[in-house]
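Just so you know, UniProt numbering puts 156 at position 156 of the sequence shown, and the rest follows in order with no gaps.
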Amino acid sequence: MAEGGGARRGDAAAGRGENSIVIVGGANMLGWPERTGEEDTEVFMGAGAVLLQREIPDSVNIQAAEAAKISGVLVILYVGGVETPIPKELLCLVHILSPNEMELACLTGMPTETFEYISKAVRKCHEMGVKQLLVKLGEEGSALFVEGEEPIRRPIIPAAKVLGTTGAGDTLTAAYAVSHVEGKTRKEALKFAAAAASIRSMPKIDAVIELLESL
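Encoded structure:
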């Protein structure tokens, strides 16, 4: 699984022969409407989860996260996009934070070369107000950390047909959200997410189910 979140991630990934992505903000950062207060919550009525990412202004993410949380909707923040510090106000509104190892290192200022280091960095995130982290571990798979519980590790799932490498991290995060909303256990949701990410390129759910049934 390889995904990028800016120029520095791209440089490092390119050195390892992985997919790399360079973000140019442009229109994503402009033209957003002013806050509308309680009317924001109407957007999230009936939603199961809201996935946010950092290619838009943090102020917009904060507005969306506040409205979603008021509506009782799960809020997941995909860390990729920019490498500037995440505002504490946003972190405290997020139910699940989803970084890769490099993004976790940037967020905490701590090394993440081993699982032990990653666990220590995650504990710092807990201290920052984040209760759950879904960490992408590249070729090592992924891991879900819930404050006060043992982490759940999930290795990658080999797929016979890989459709593309772009968006694997996005796919894993979104697939975990889908499975979580469907009422699956955390282990089940993580396995479903791993299967989706192994196919890459935003697969249809039928392809994910087919892969899981073949295991």
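The beta carbon of each residue, even a glycine, is placed where N, CA and C say it ideally should be.
I need the straight-line Cα distance from residue i to residue j, nearest angstrom please.
i: residue 188; j: residue 179; result: 8 angstroms
i: residue 112; j: residue 105; result: 6 angstroms
i: residue 209; j: residue 192; result: 8 angstroms
i: residue 137; j: residue 70; result: 32 angstroms
i: residue 207; j: residue 194; result: 13 angstroms
i: residue 103; j: residue 215; result: 31 angstroms
i: residue 46; j: residue 145; result: 27 angstroms
i: residue 65; j: residue 108; result: 22 angstroms
i: residue 10; j: residue 158; result: The predicted position of residue 10 is uncertain, since its pLDDT is 39 and thus under 50; a value taken from the coordinates is nonetheless stated next. Each residue's Cα considered, the two are about 24 angstroms apart.
i: residue 126; j: residue 58; result: 20 angstroms
i: residue 121; j: residue 44; result: 32 angstroms
i: residue 78; j: residue 148; result: 22 angstroms
At which residues does the alpha helix (DSSP H) containing residue i begin and terminate?
i: residue 192; result: 186–199
Residue i lies in the beta strand (DSSP E); which residues open and close that run?
i: residue 96; result: 96–98
i: residue 43; result: It is not in any beta strand (DSSP E) - residue 43 carries neither H nor E in the DSSP assignment.
i: residue 153; result: 152–154
i: residue 71; result: First-last for residue 71: undefined, no H or E at that position.
Would you mind giving the Cβ-Cβ distance between residue i and residue j, rounded to the nearest angstrom? I have them listed as a contact below 8 angstroms.
i: residue 51; j: residue 174; result: 6 angstroms
i: residue 184; j: residue 128; result: That pair is no contact at about 27 angstroms.
i: residue 199; j: residue 211; result: 6 angstroms
i: residue 53; j: residue 81; result: 5 angstroms
i: residue 60; j: residue 32; result: 5 angstroms
Three-pair Cβ contact test at 8 angstroms for the stretch 81–95 versus the stretch 116–132: Contact between the stretch 81–95 and the stretch 116–132 is present, because at least three Cβ pairs lie under 8 angstroms.
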